[in-house]
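If you use the numbering used here, the sequence shown corresponds to residues 1 to 424, in order.
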Amino acid sequence: MTALAWPLRLYVGVVIGAAVPALVLGLAVLHAPLTPVDLATATALFALGWLAQRHPVHLGPKTKVTVDDAPFFAAALLLSPGLAMVVAGGSKAFGLRFSGQIPLYNRLFNASAALLSTGAGALTFHAIASGPSLIDEPLALLAAAVVAYVIRTELVDAAIALQLHRSPLASWWLDHQRDLIQTAALYALGGLSAAVSHGAPWMFALFVAPVALILVSFRETLQLRSTTRDAIVTLADLIDARDAYTFGHSLRVAHYAEQLARRMHMGSVQVELVREAARLHDVGKIATEDRILQKPGRLTDAEMAEMHKHCDEGYWFLKRLPEFWQGAELVRLHHERYDASGYPRGIGGADLPWEASIISVADAWDAMTSDRPYRKALTRSEALDELLRFRGTQWDPIVVDAFLAMLEEEPHASRASTIPATAS
């Protein structure tokens, strides 16, 4: 957790901390007498939630979804708020694989988010519902589903927003519209299974097949996104290939950035986010004229201003694609400076995400150690001197220090020898 910026560490701690009194309150005050049917229902839903964690659908290298919305929503409708929170939080915490790749804080945060959102949904339903029949409570069902969904997504979105220094509401619709149909189907299935299985927990077994069909739908969506991702990465390579001097540049920058992110002990999600954004950091140059990209000398002020537009161009291009929206902001910021004199936004210091600074250092290192039309590549010693010279002004000193330590301990990391430096 120490690899997280302090606002994110604080937020994660607050969410985990809030789950504890919520669970205690739910069990102590809001818990109805436990019946054998309640126990059987809770056990069945816990098992379904656990299975959902064990079989996620990977929507991308850094994103995965589960179908646990269905059993969690059913728990909110059929069980007391306290018991529903136990089912959601417990199955989430114990269902995630204990492979060593998921930090404890990540496991606890996800369990807490599931617990809080399910508990809120249960409270909403029980506060509005007036009768024992679920079918006769459409308003309560809809309200509970909306509350549970919004709280769950916003708890996670807020963590991502703190990581990327953006508003958690800024792109909510863009983030979630792609999965809205499948998610709505999961909540509907959860409500239907609760109505059919009310008093007969064994009936939940009948809903395994429909949930599996939704999983198939998610996987088909994944295939489409994977195709889109491959096309955009190919586009980035084609942009590099427009200039013999930058051929392979984005691939090398991604290589350095990934190594540096790991060196800084970032989580696997952050490492993948950095690698992907670095891979596409120059995609905005698709809008830059060849005469500027291939000019065999230094650019004029007007040409430099045109070149500077590639950060925003890349941001707006990637922001429209659900597969790349998280990395879009990092692409936009990769020419910002620690002293806030960079472009296009002119931010720096604590406002500049480490992820963007990592890409900036990796980009600069590859540029300095590669030939350009107007100069030969700097030697390793000269490039190191440049990093030290602009440490604390152009680049975040923490990131520079980590990069220098990486080069000292792993000299081979200073050059991705298997990646082409020039066109053949």
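The beta carbon of each residue, even a glycine, is placed where N, CA and C say it ideally should be.
Contact check between the stretch 336-348 and the stretch 378-388: fewer than three CB pairs, one atom from each, fall below 8 Å, which does not count as touching.
Here the alpha carbon of L34 sits roughly 39 Å from the alpha carbon of L169. Distance between I232 and R252, taken at the CA atoms: about 17 Å. Assignment of R275 by DSSP, reduced to helix, strand and coil, places it in the helix class. Counting only the Cα atoms, R219 lies some 39 Å from A350. Out of V29, V14, L83, G95, the CA that lies nearest to the CA of L48 is found in G95.
Between G121 and A144, the C-beta gap is smaller than 8 Å, which places the two residues in contact. In the three-state DSSP reduction, R380 falls in the helix class (H, G or I). DSSP, reduced to helix, strand and coil, places R391 within a strand of the structure shown.
Here DSSP, grouped into helix, strand and coil, assigns R152 to helix. In the DSSP assignment, V253 falls within the unbroken alpha helix (DSSP H) covering 249-263. Listed in chain order, the non-local C-beta contacts of L280 below 8 Å within the same chain comprise I232, V233, A236, S250, G314, L318, F324, G327, V331, local neighbours out to five positions each way being set aside. Between the alpha carbons of E329 and L352 lies a gap of roughly 11 Å. The C-alpha of P397 lies about 50 Å from the C-alpha of G190. Look at R298 here: in three-state DSSP terms it is coil, with no helix or strand label. Annotation for L378: M368, T369, E386 place their beta carbon closer than 8 Å to its own, counting only its chain and skipping 5 residues before and after. M266 and W50 have their alpha carbons spaced roughly 27 Å apart. Sequence-distant Cβ neighbours of M307 in its own chain, meaning closer than 7 Å and more than five residues away, are T288, I292, L299. Between the beta-carbon of I135 and that of A195 there is about 6 Å, and that keeps the pair under the 8 Å contact cut. In this structure, P81 sits near G26, with a CB-CB distance shorter than 8 Å. Here I358 really is in contact with V274; their C-beta atoms are around 6 Å apart, less than 8 Å.
For E355, the enclosing alpha helix (DSSP H) stretches over residues 354-368. Residue environment: R54 is assigned as exposed (fewer than 16 neighbouring CB atoms within 10 Å of its CB, all protein chains considered). Counting only unbroken stretches of 4 or more residues, no alpha helix (DSSP H) element lies wholly within the stretch 13-51. Taking each of M304, D301, V15 in turn and checking the Cα distance to A159, the smallest one comes out for V15. Distance between Y105 and V12, taken at the CA atoms: about 8 Å. M266: not part of any alpha helix (DSSP H); DSSP gives it neither H nor E. Where I181 is concerned, the enclosing alpha helix (DSSP H) starts and stops at 180-197.
Annotation: F247 to M85 spans about 53 Å, alpha carbon to alpha carbon.
In this structure, the beta-carbon distance from E355 to A277 falls below 8 Å. The DSSP-derived three-state label of R375 is strand. Taking C-beta separations shorter than 6 Å and ignoring five residues to either side along the sequence, the partners of V361 in its chain run W395, V399, F403, following chain order.
Spatial neighbours of A88 in its own chain (CB-CB distance under 7 Å, excluding positions within 5 residues in sequence) are listed in chain order as G49, F72, A75, A114, L115, T118. The beta carbon of D363 sits closer than 7 Å to those of V253, H281, H334, all from its chain and outside the five residues before and after it, given in chain order.
Looking at the backbone, the Cα of V271 and that of E408 are separated by about 21 Å. Taking C-alpha positions only, D301 is separated from M406 by approximately 36 Å.
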